[in-house]
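These notes are about the structure you will find just below.
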Amino acid sequence: MVPKVVFGRGCFDQLPSILAPQRKDKAPFIYLVDDVFKENEELINRMNLRFNDKLIFVSAEEEPKTEQVDTIVKNIKSEFTYRPSGIIGVGGGSILDLSKAVSIMLTNKGSASDYQGWDLVKNKAVYHVGVPTISGTGAEVSRTTVLTGPEKKLGINSDFTPFDQVVLDPDLTVGVPKNQWFYTGMDCFIHCVESLNGTFLNEFSKSYGEKAYDLCKEIFMNGNLTEVESRGKLMMASWHGGMSIAYSQVGVAHAMSYGLSYVLGTKHGVGNCIVFDHLEEYYPEGVRLFKEMKEYHNIDIPQGICGNLTDYQMETMIDIALSLVPLWENALGEDWEQKMTRDKLKELYLKM
Ligand code: NAD
Ligand code: ZN
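Each number in this note's numbering comes from the position in the sequence shown (counting from 1) with 220 added on.
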């Protein structure tokens, strides 16, 4: 679990005083910041960089890759004699995951791709802090960092992955474009539906999942919340949704969305929405609510993206989806292979 967290509007201003006791002599803090904030001087000034601290703007256009992690780590090692005092990630799930991975790879040998899997990390990561600027993924609280590698899209799941500190300031999410707000917010909703309807469910996951599910309904269905209330609630929904899946597992939508992502580069939030829209057979109540929320907010979900796939692309998509065994087991039970055949998957993908 994340051991330290602050929450509240404007709490981003506490970052310098949170970091100060962690500063080691001559060792910089490295800030990895979403480049959507490049021109935002006000935000950058609030970070109050000192001494040899370094700010690196990173694009979230594409989701993080193992190669990208390796390059950033190599550059940090060649520029600084001393191992950084800490890594601070400021952005959405992409930047948060990248920051977690960089902090791990500063203390572990080889390539990030060597550690994609479960509990492969040997050494404790460099101190790392997460500051989400868009809510929904739960990346701020989870025990994984999802990376696309040369062979697979898979997380580095380890006890060293979670942030040492998280700063939850809902005001940082002002300015997220509406479609993106919905896509990333629905990632949280889908985490809850998949966790709560999964066979791995236990009381620990359930208590977090139910809270996040209710918050999502309040945010996306009722329409009576102020923007301020809605931002605060979505930040907490993301946190609880992340906690819920950390102790259970996701399901059909995530397995299929990973296939889309691997073959077409479809991003996580929108990919989940594209898939979930067609999963009424598996999650009838969740999909019904999803469709209601989509209509209410007048959100476009891309259509027909699998219409022109080559046979090879379709087969690869199916391979990637089916390789995520724990997700299927959670969603459909131990005999999932009888229920989810290649033909069935193809039929579903062709609807998308
Ligand atoms: P993102 O980080 O990819 O960002 C989406 C878009 O929103 C980007 O264009 C970004 O620049 C923009 N943005 C972010 N904050 C903004 C702000 N305040 N104002 C304006 N624009 C802003 O989106 P995401 O959906 O948060 O993250 C997706 C990533 O999270 C994927 O890589 C996925 O694999 C990962 N993920 C990780 C976990 C985990 O547990 N580690 C869980 C789910 C998803
Ligand atoms: Zn997700």
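Virtual Cβ for every residue (Gly too), placed ideally from N, Cα, C.
| Check | Outcome |
| --- | --- |
| heavy atom of the ligand ZN below 7 Å from T301 C-beta | no |
| Rounded C-alpha distance that separates N417 from F380 | 29 Å |
| Under 8 Å between C-beta atoms of Y482 and M534 | no |
| Proximity test, Q579 beta-carbon vs the ligand NAD heavy atom, cut-off 7 Å | Limits of the chain in this structure are 221 at one end and 572 at the other, which puts residue 579 out of reach. |
| Residue from Y502, L316 and D520 whose Cα sits closest to the Cα of W556 | Y502 |
| Straight-line gap, T327 to G311 (C-alpha atoms, nearest Å) | 23 Å |
| Residues bridged to W338 (per DSSP) | N377 |
| Counted within 10 angstroms of its Cβ, other Cβ atoms place R451 as buried (16 or more) or exposed | buried |
| Which listed residue (E447, K437 and T530) has its alpha carbon closest to that of R508 | K437 |
| Beta-carbon proximity list for S468, same chain, < 6 Å, skipping 5 on both sides | S415, G418, F420, L421 and S425 |
| Those runs of the alpha helix (DSSP H) which lie wholly inside the segment 367–435 and span at least 4 residues | 398–416 |
| Beta carbon of K320 nearer than 8 Å to that of F232 | no |
| Distance between I250 and K559 (C-alpha atoms, nearest Å) | 48 Å |
| C-beta atoms of I519 and M572 nearer than 8 Å | no |
| 8 Å Cβ cutoff met for T364 and I354 | no |
| Which listed residue (E549, K246, A551 and D539) has its alpha carbon closest to that of L565 | D539 |
| Status (buried if at least 16 other CB within 10 Å, exposed otherwise) for P390 | buried |
| Where D531 falls: helix, strand or coil (DSSP) | helix |
| Selected residue, minimal CA-CA separation from P370, among G337, T286 and K398 | T286 |
| DSSP beta-bridge partners of L252 | I276 and G309 |
| Candidates H348, S323, G471 and I238, of which the one nearest T291 by Cα | S323 |
| Cα-Cα separation between P304 and V346, rounded to whole angstroms | 7 Å |
| Rounded C-alpha distance that separates T404 from M456 | 14 Å |
| For V470 and S362, the rounded distance between their alpha carbons | 13 Å |
| Near the ligand ZN: N550 beta-carbon under 7 Å from a heavy atom | no |
| Coarse secondary structure for G350, derived from DSSP in three states | strand |
| Start and end residues, alpha helix (DSSP H) containing V495 | H488 to F496 |
| Segment contact flag, the segment 329–336 with the segment 237–250, C-beta cutoff 8 Å, min 3 pairs | no |
| Nearest-angstrom Cβ-Cβ length linking Q234 and V226, presumed shorter than 8 Å | 6 Å |
| beta-carbon H517 near the ligand NAD non-hydrogen atom, thresh 7 Å | no |
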